[in-house]
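Undergrad: Quick one: the structure is below, and I'll ask about it shortly.
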Amino acid sequence: MARYPGLSKGCKTCRERKVKCDETWPQCSQCIRRTLKCPGPTQGSIFLEATSSDKSSKYKRIGENVTDQSNPNCPPNSAIVPAKRQRQVPRKTPPSCTTPAALQPNVSLTLQLHMVDRFLSFFEKSGMYKTRRSLWIYLCRGMGEPEGRSDWQSSVRAVSLAFFGTFNKDKAAMVEARKWYGVSIQHQRQKLLRAPRLASIQPDRPEEITNFVILAYAEMMLSTNPNACYQHLSAAATLLSSLHPRTYQSGHLRELFQVIQRLLITYNIDQFMDGSPARYPIPSLQVSDKDTHDEFVDVLTEIPELLSSRVSPFETEDEEEPTDHIRRQLSRLADTLLLEFPSVHFHYPHYCPPNDILYAIPLTDDVTCSDTFMIMTLWSLACILTLAHSQDPKVRLCDGIQHHCQVIIGATTSIVEFQDVYCFGSSIAPLKAVLLYSSNPKQQEEAMALIQKLGGAFRFDGLLGGSD
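Printed below as a string of structure tokens:
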């Protein structure tokens with residue numbers, strides 16, 4: 001027997017005697033340094049089996065479970081002969097089947113937990129030295145545990161591998177993510193087939209809604225179907241709509257409600273700007289204590305429908321213009337912003353007419369939270385759409401649109417620098433508004449550059465047309 005050369009050669013005395021490293025020899029410094037008992041001649045992966053002939057000696061690695069009794073041709077005290085490391089030839093394995101029954105997890109539990117932590121970390125950052133707490137996304141940690149449900153496990157593995165592969169440019173992880181994504185979709189199909197006979201979906205459990213939402217995020221990166229992302233979100237919205245209002249007054253269900261609303265609004269506004277009538281129904285949050293996000297949802301949900309309905313020239317002059325209704329809603333929303341976000345400074349710039357509410361919120365250095373930047377972009381998006389679709393040509397050509405576009409570019413740049421994935425999806429529609437309604441070529445170039453940065457992480461096929 002001989003030790004693997006280079007790993008544990010023993011002391012000088014052992015090499016001169018041509019014996020294995022043995023702790024019984026006091027001169028053996030290797031054993032004294034390690035303070036470990038020698039594993040024996042055939043135990044451990046660092047031992048080689050010698051097969052001698054008249055002309056040469058060859059060595060091969062001994063398996064970890066091989067013992068002296070199982071290998072009688074290997075004496076315990078063979079002479080040490082220098083050996084070269086054998087070059088391992090990669091074996092060709094047949095392509096794995098992608099059916100759910102044949103799939104086996106190729107990722108170790110430790111690496112899987114690491115990728116789940118990385119996936120969660122993208123949603124934790126909310127600004128400079130700021131993190132979010134008690135997010136709905138933390139439910140994924142329990143959903144991906146080995147003793148959990150198989151459909152939740154496959155969804156968490158798919159989205160974690162997709163995030164890991166996207167941000168590390170790991171193609172193998174993306175291939176594995178597609179496999180687990182297919183397994184999760186198969187679980188959903190089987191669940192729908194069993195639905196008439198078995199009530200397997202419990203919509204009041206936040207994990208059920210989270211499962212659809214994380215599948216939507218996985219679809220953003222895997223891009224298997226242009227509208228699959230929003231179909232997952234629509235399924236989650238359907239489950240939420242079936243709940244009693246008291247079940248989502250607070251907690252994870254309310255957070256999921258807001259995430260789904262914001263992403264579906266992004267899609268609806270984008271379709272409106274492209275002139276498409278396609279819309280997804282947005283679930284309404286029936287609560288009494290609405291926050292700023294809920295107020296924005298109410299305004300942005302109505303904007304596509306209000307601006308799509310043109311006032312007929314044959315109607316009376318007393319007929320209210322749709323933009324006037326939006327202005328009143330934005331006026332009430334501005335009062336809410338002042339109370340909830342003290343760092344948002346409202347002032348009337350010189351370009352604003354008297355008593356006009358559609359002015360941009362200026363960017364200031366004291367704003368270091370991506371949630372506040374997101375509020376600024378949504379405010380500017382609502383104002384741009386209102387100004388651009390006004391019946392008055394002077395309003396459509398005012399400088400206010402350019403100021404709003406500049407706010408959107410500056411705020412989105414900060415969100416990208418913070419790497420706040422939580423706000424990435426809602427940043428697409430404001431940037432597309434800059435491309436459509438800004439008359440400044442420089443602003444359009446900056447908006448396109450930001451879209452490419454966001455598209456590098458998420459495909460957003462329904463919005464970006466599959467751009468990389």
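Heads up: the sequence shown begins at 1 in UniProt numbering, then just goes up one per residue. Think of the CB as a built atom: it goes at the ideal place given N, C-alpha and C, for glycine as much as any other residue.
If you compare alpha carbons, which of Thr323, Leu339 and Gln258 is closest to Asp392?
TA: Closest by alpha carbon: Thr323.
Undergrad: Relative to the C-alpha of Ser426, which residue among Arg332, Ser276 and Asn268 is closest?
TA: Selected option, being the one with the closest Cα: Asn268.
Undergrad: The alpha helix (DSSP H) that contains Gly165, what's its start and end?
TA: Counting along the chain, the alpha helix (DSSP H) containing Gly165 begins and ends at Ser150 to Asn168.
Undergrad: Does the beta-carbon distance from Val159 to Met143 come in below 8 Å?
TA: Going by C-beta atoms, Val159 is not nearer than 8 Å to Met143.
Undergrad: Can you find the residues in the same chain that come closer than 6 Å, C-beta to C-beta, to Glu124, ignoring five residues on each side of it along the sequence?
TA: Counting only Cβ-Cβ distances below 6 Å, and skipping sequence neighbours, we find Thr131 and Arg132.
Undergrad: Tell me which residue opens and which closes the alpha helix (DSSP H) that residue 480 is part of.
TA: Since the first residue shown for the chain is 1 and the last is 468, residue 480 is missing from the structure and cannot be characterised.
Undergrad: Return yes when the Cβ of Ile409 is within less than 8 Å of the Cβ of Glu446, no when it is not.
TA: Going by C-beta atoms, Glu446 is nearer than 8 Å to Ile409.
Undergrad: Roughly how many angstroms lie between the CA atoms of Gln402 and Ala360, to the nearest whole one?
TA: If I take the Cα positions, the gap works out to 9 Å.
Undergrad: When you compare the stretch 180 to 189 with the stretch 238 to 250, are there three or more beta-carbon pairs, one atom per stretch, that lie closer than 8 Å?
TA: Because the criterion of three Cβ pairs below 8 Å is not met, the stretch 180 to 189 and the stretch 238 to 250 do not touch.
Undergrad: Just to confirm the assignment, what range does the alpha helix (DSSP H) spanning Trp379 have?
TA: Where Trp379 is concerned, the enclosing alpha helix (DSSP H) stretches over Ser370 to Ala388.
Undergrad: Tell me which residues share the same chain as Ala278 and place their Cβ nearer than 6 Å to its Cβ, disregarding the 5 neighbours each side in the sequence.
TA: Contacts found: Gln271.
Undergrad: Round the Cβ separation of Leu385 and Leu307 to the nearest angstrom and send it over; I've been treating them as touching at under 8 Å.
TA: That pair is a contact at about 6 Å.
Undergrad: Between Ala216 and Leu233, is the Cβ-Cβ spacing less than 8 Å?
TA: In contact: Ala216 and Leu233 (Cβ atoms closer than 8 Å).
Undergrad: Is it right to say Ser206 is buried, meaning 16 or more other beta carbons lie within 10 angstroms of its own, or is it exposed?
TA: The identity of residue 206 in the sequence shown is Pro, whereas the question assumes Ser. Pro206 should be labelled buried.
Undergrad: Could you give the first and the last residue of the continuous alpha helix (DSSP H) run that contains Asn268?
TA: Segment His252 to Met273, the alpha helix (DSSP H) holding Asn268.
Undergrad: Tell me which same chain residues have a C-beta within less than 8 Å of the C-beta of Arg189, skipping the five on either side of it?
TA: No residues qualify anywhere along the chain.
Undergrad: In this structure, does DSSP put Thr238 in helix, strand or coil?
TA: Three-state DSSP puts Thr238 in a helix.
Undergrad: Would Leu339 be called buried (16 or more neighbouring beta carbons within 10 Å of its own) or exposed?
TA: Looking at its Cβ environment, which holds fewer than 16 other Cβ atoms inside 10 Å, Leu339 is exposed.
Undergrad: Beta carbon of Pro430, beta carbon of Ser380: below 8 Å?
TA: Contact flag set, yes.
Undergrad: Looking at the structure shown, is Ser126 part of a helix, part of a strand, or coil, going by DSSP?
TA: It is a strand residue.
Undergrad: Could you tell me the distance, in whole angstroms, from the CA atom of Met273 to the CA atom of Thr110?
TA: Whole-angstrom Cα-Cα distance: 46 Å.
Undergrad: Which residues does DSSP pair with Thr364 in a beta bridge?
TA: Thr364 is not bridged to any residue.
Undergrad: For Ala411, I'd like the list of residues in its chain whose CB is within less than 7 Å of its CB, leaving aside the five on either flank, ordered along the chain.
TA: Once the five neighbours on either side are set aside, the close Cβ partners of Ala411 are Leu363, Phe373, Met376 and Thr377.
Undergrad: Hey, His293 and Gln258 are a contact pair by Cβ (cut 8 Å); roughly how many whole angstroms apart?
TA: 5 Å between Cβ atoms; contact.
Undergrad: Identify whether Ile451 lies in helix, strand or coil by the three-state DSSP scheme.
TA: If DSSP states are grouped into helix, strand and coil, Ile451 belongs with the helices.
Undergrad: Assign Ser126 to one of two classes, buried (16 or more other C-beta atoms within 10 Å of its C-beta) or exposed (fewer than that).
TA: Burial call: buried.
Undergrad: By how many angstroms is the C-alpha of Thr210 removed from the C-alpha of Gly165?
TA: Distance between the alpha carbons of Gly165 and Thr210: 21 Å.
Undergrad: Quick one: residues in its chain with C-beta nearer than 6 Å to the C-beta of Gln452, no 5 flanking neighbours on either side, listed in chain order?
TA: For Gln452, where only same-chain residues beyond five positions count, there are no Cβ hits under 6 Å.
Undergrad: Please classify Gln261 as buried or exposed, where buried requires at least 16 neighbouring CB atoms within 10 angstroms.
TA: Flag for Gln261 reads buried.
Undergrad: Please list, in chain order, all residues of the same chain as Ser390 whose beta carbon is under 7 Å from its beta carbon, the five residues on each side excluded.
TA: Taken in chain order, the residues that qualify are Thr323 and Arg396.
Undergrad: Is it true that the CB of Leu333 sits closer than 8 Å to the CB of Val297?
TA: No, Cβ-Cβ distance for Val297 and Leu333 is not below 8 Å.
Undergrad: Please report the distance separating the alpha-carbon of Arg149 from that of Glu208.
TA: Roughly 11 Å separates the two Cα atoms.
Undergrad: Taking the Cβ atom as the reference point for each residue, do Ala172 and Met221 lie within a distance shorter than 8 Å?
TA: Cβ distance not < 8 Å, so Ala172 and Met221 don't count as in contact.
Undergrad: Does the distance from the CB of Val213 to the CB of Leu256 come in under 8 Å?
TA: Result yes, Cβ atoms of Val213 and Leu256 sit closer than 8 Å.
Undergrad: Which two residues bound the contiguous alpha helix (DSSP H) that contains Phe424?
TA: Here Phe424 belongs to no alpha helix (DSSP H), and DSSP marks it neither H nor E.
Undergrad: Of the residues Leu454, Gln249 and Arg178, which one's Cα is nearest the Cα of Ile428?
TA: Residue Leu454 is the option with its Cα nearest to Ile428.
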